[in-house]
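> Our numbering numbers the first residue of the sequence shown as 97 and each following residue consecutively.
We put the CB at the ideal spot given by N, CA and C, even for glycine.
Please read all numbers here as calculations on a predicted model, not as lab measurements.
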Amino acid sequence: MSAVPHRAGPDPQRTTGYGDDPDQVVEWWTGGATGRPTVALVHGGYWRPRFDRTHLRPAAEALHALGFPVASLEYRRTPGDPHASASDVVAGLRAVAAGAGPAGVIAVGHSAGGHLALLAAVTEPGLVRTTVALAPVADVGLCDRLGLGESAAQEYLGGPASAHPDLDPALLPAPAGPVTILHGDRDDRVPFEVSESYVRQRPGPRLVGLPGADHFAPVDPWSGAWADVVAELRRVTG
Numbered sequence: 097m098s099a100v101p102h103r104a105g106p107d108p109q110r111t112t113g114y115g116d117d118p119d120q121v122v123e124w125w126t127g128g129a130t131g132r133p134t135v136a137l138v139h140g141g142y143w144r145p146r147f148d149r150t151h152l153r154p155a156a157e158a159l160h161a162l163g164f165p166v167a168s169l170e171y172r173r174t175p176g177d178p179h180a181s182a183s184d185v186v187a188g189l190r191a192v193a194a195g196a197g198p199a200g201v202i203a204v205g206h207s208a209g210g211h212l213a214l215l216a217a218v219t220e221p222g223l224v225r226t227t228v229a230l231a232p233v234a235d236v237g238l239c240d241r242l243g244l245g246e247s248a249a250q251e252y253l254g255g256p257a258s259a260h261p262d263l264d265p266a267l268l269p270a271p272a273g274p275v276t277i278l279h280g281d282r283d284d285r286v287p288f289e290v291s292e293s294y295v296r297q298r299p300g301p302r303l304v305g306l307p308g309a310d311h312f313a314p315v316d317p318w319s320g321a322w323a324d325v326v327a328e329l330r331r332v333t334g
């Protein structure tokens with residue numbers, strides 16, 4: 097299994113705020129190939145406060161080394177206050193878009209961050225040019241029914257998923273822009289069937305299976321799946 101949650105990464109070039117809360121910040125790795133959109137990373141961790149943006153720093157640095165400008169979002173993670181996380185990701189993406197220039201933003205969310213990136217793309221159409229979701233919790237209702245992450249969905253929502261259809265991408269229209277989901281077939285934290293369920297319910301989003309990949313492989317620059325993620329980002333950025 098990947099060591100991503102425990103692997104330290106380099107500090108960002110700079111950090112900016114988009115609100116008054118200490119968690120309303122964006123880490124930046126700027127520069128890169130001229131004209132490329134900024135990759136906005138949204139971390140996962142089942143929306144829990146003990147998981148933060150720092151575990152995506154190796155991925156951010158690796159993408160920057162390949163010529164991508166990168167911004168990594170932090171957001172409030174308060175059990176029982178799901179709208180705080182959802183609204184923060186929208187606000188954070190607005191801040192990234194303001195600093196990205198005319199090339200725009202590609203939202204890349206992992207796990208619960210994939211859920212929030214998909215939600216943001218529906219909530220504010222046109223905010224990002226493309227959404228790339230990595231092992232996302234794309235069907236919150238199914239996550240709840242399966243009890244994934246020791247009932248993480250109910251902890252996040254403060255109750256059953258059925259009471260919050262506005263926060264479940266599987267119950268909302270597909271985002272206006274292109275969507276690609278990359279998901280490992282050996283993911284035992286957010287099973288592949290969660291992404292299958294999301295894609296089955298709507299036309300448009302593209303699902304790419306990652307053979308042999310676990311939950312963290314798509315954000316691990318040392319994994320076999322990393323090349324597939326980079327290839328997808330190159331494809332959507334031209």
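Quick one: measure Cβ to Cβ for valine 275 and proline 301, integer angstroms, because I've assumed they're closer than 8 Å.
Residue mapping note: residue 275 aligns to position 179 of the sequence shown, counting from 1. Residue mapping note: residue 301 aligns to position 205 of the sequence shown, counting from 1. Indeed, because the Cβ distance is near 4 Å, the residues count as touching under 8 Å.
> On a CA-only basis, which of Ala191, Val236, Phe288 and Ala257 is nearest leucine 169? Give me that one, please.
Taking the first residue of the sequence shown as 1, we reach residue 169 at position 73. With distances taken between Cα atoms, leucine 169 lies closest to Ala191.
> Need the endpoints of the beta strand (DSSP E) that arginine 132 sits in, please.
Mapped onto the sequence shown, residue 132 falls at position 36. Counting along the chain, arginine 132 falls outside any beta strand (DSSP E), and DSSP gives it neither H nor E.
> For proline 178, collect the residues of the same chain with a Cβ closer than 6 Å to its Cβ; drop the 5 residues on either side in sequence, then sort them by chain order.
Counting from one through the sequence shown, the residue named residue 178 turns up at place 82. Cβ neighbours of proline 178 beyond the five flanking positions: Tyr252, Leu253 and Leu263.
> Return the chain-ordered ranges of every alpha helix (DSSP H) run that is complete within the stretch 217-242 and spans a minimum of 4 residues.
Qualifying alpha helix (DSSP H) stretches, in chain order: 236-242.
> Can you check whether the CB of proline 265 is closer than 9 Å to the CB of alanine 231?
For this step, residue 231 is matched to residue 135 along the sequence shown. For this step, residue 265 is matched to residue 169 along the sequence shown. Going by C-beta atoms, alanine 231 is not nearer than 9 Å to proline 265.
> At what residue ranges does the stretch 231-300 contain a whole run of the alpha helix (DSSP H), taking only runs of 4 or more?
Counting only runs of 4 or more, we get 236-242, 244-253 and 288-296.
> For alanine 248, which residues of its own chain have a beta-carbon under 6 Å away from its beta-carbon, when the five flanking residues on both sides are left out?
For this step, residue 248 is matched to residue 152 along the sequence shown. Hits under 6 Å: Tyr142.
> Can you give me the Cβ contacts of arginine 285 inside the same chain, cut-off strictly under 6 Å, excluding the 5 residues immediately before and after it?
If you number the sequence shown from 1, residue 285 lands on position 189. These residues qualify, in order along the chain: His311.
> Quick check on the burial criterion: 16 or more other C-beta atoms within 10 angstroms. Buried or exposed for serine 181?
For the purposes of this step, residue 181 is taken as residue 85 along the sequence shown, with counting starting at 1. Result: buried.
> Can you say whether aspartate 116 is buried or exposed, counting buried as having 16 or more other CB atoms within 10 angstroms of its CB?
Mapped onto the sequence shown, residue 116 falls at position 20. With fewer than 16 Cβ atoms within 10 Å of its Cβ, aspartate 116 is classed as exposed.
> Excluding sequence positions up to five away, which residues of its chain have a Cβ less than 6 Å from the Cβ of threonine 112?
The count along the sequence shown starts at 1 and reaches residue 112 at position 16. Around threonine 112: Val122.
> Output the distance between the C-alpha atoms of alanine 203 and arginine 298, rounded to the nearest integer angstrom.
For this step, residue 203 is matched to residue 107 along the sequence shown. For this step, residue 298 is matched to residue 202 along the sequence shown. Taking the straight line from one Cα to the other gives about 20 Å.
> What's the call for aspartate 119, buried or exposed, on a 16-neighbour Cβ count within 10 Å?
Translated into positions along the sequence shown, residue 119 becomes position 23. Looking at its Cβ environment, which holds 16 or more other Cβ atoms inside 10 Å, aspartate 119 is buried.
> Could you tell me how far apart the beta carbons of leucine 306 and glycine 280 are, in whole angstroms, since I believe they sit closer than 8 Å?
In the sequence shown, counting from the first residue as 1, residue 306 sits at position 210. In the sequence shown, counting from the first residue as 1, residue 280 sits at position 184. Sure, about 4 Å apart at Cβ, within 8 Å.
> Which term fits alanine 158, buried or exposed, when burial requires 16 or more other beta carbons within 10 angstroms of its beta carbon?
As a position in the sequence shown, residue 158 is number 62, starting the count at 1. Alanine 158 should be labelled buried.
> Return the first residue and the last residue of the alpha helix (DSSP H) that threonine 174 is part of.
In the sequence shown, the residue the question calls residue 174 occupies position 78. Threonine 174 -> no alpha helix (DSSP H), and no H or E assigned at all.
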